[in-house]
Amino acid sequence: MKEFNPKTASLSTIKRKIEEFWTDKKPDQLYSVNHLTNKLNLSKHWRQENYRSENIIPLIERNIQKIEMEIIEFMMKTPDGAKTYWQRAFNYKYSLQEKQLEQELNLNNQQPIIVNLQTDIRDIKKEESDNNA
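Number 133 marks the last residue of the sequence shown (the working numbering); no jumps.
Have a look at this one:
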């Protein structure tokens with residue numbers, strides 16, 4: 001049988017490979033996005049170049065969403081799994097907000113200047129009292 005080459009494969013061949021991925025999947029085993037990319041034999045370079053194709057992007061995204069939904073459904077079956085899922089979701093959202101704030105503070109790689117008004121006021125009062133004495 002001819003080896004699958006994602007660089008030359010048609011859209012219908014990629015669809016067939018994805019269908020094979022889901023039919024070969026064991027029901028008790030969770031799959032990740034890596035399993036899908038391994039099945040399609042996708043290299044990092046190929047993904048960067050060919051994901052730009054308008055036909056392939058939605059196809060891959062739908063399957064990634066399907067994998068994510070299966071993982072979420074599996075985690076929600078137990079209280080511990082649900083707790084872990086929500087903790088991860090919260091941590092992920094929090095880390096994104098933290099990164100965004102960090103980027104805003106470090107625009108153009110400049111460190112933010114923090115002004116402590118109380119210290120400045122004390123310094124001014126101290127200078128005034130020194131000048132009066």
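Glycine residues also receive a C-beta, built at the ideal position from the N, C-alpha and C atoms.
Among the options, nearest to residue i - alpha-carbon criterion
{"i": "Ile18", "options": "Lys83, Pro27 and Leu36", "result": "Leu36"}
{"i": "Ile60", "options": "Glu127, Asp130, Lys125 and Lys15", "result": "Lys15"}
{"i": "Gln29", "options": "Leu40, Ile67, Ser12 and Asn63", "result": "Ile67"}
{"i": "Thr13", "options": "Thr23, Leu40 and Asp24", "result": "Leu40"}
{"i": "Arg88", "options": "Ile72, Lys125 and Lys25", "result": "Ile72"}
Where residue i sits in the DSSP three-state scheme
{"i": "Gln87", "result": "helix"}
{"i": "Lys17", "result": "helix"}
{"i": "Thr23", "result": "helix"}
{"i": "Asp140", "result": "Only positions 1 to 133 of the chain appear in the structure, and residue 140 is not among them; the question remains open."}
{"i": "Met76", "result": "coil"}
{"i": "Glu127", "result": "helix"}
{"i": "Met1", "result": "The predicted position of Met1 is uncertain, since its pLDDT is 46 and thus under 50; no value can be drawn from it."}
{"i": "Leu40", "result": "coil"}
Sub-8 Å separation of residue i and residue j beta-carbons
{"i": "Glu84", "j": "Met76", "result": "Checking the displayed sequence, the identity of residue 84 turns out to be Thr instead of Glu. Result no, Cβ atoms of Thr84 and Met76 do not sit closer than 8 Å."}
C-beta neighbour in chain C for residue i, strict 8 Å
{"i": "Ile67", "result": "Protein chains in the displayed structure number just one, and chain C is not present."}
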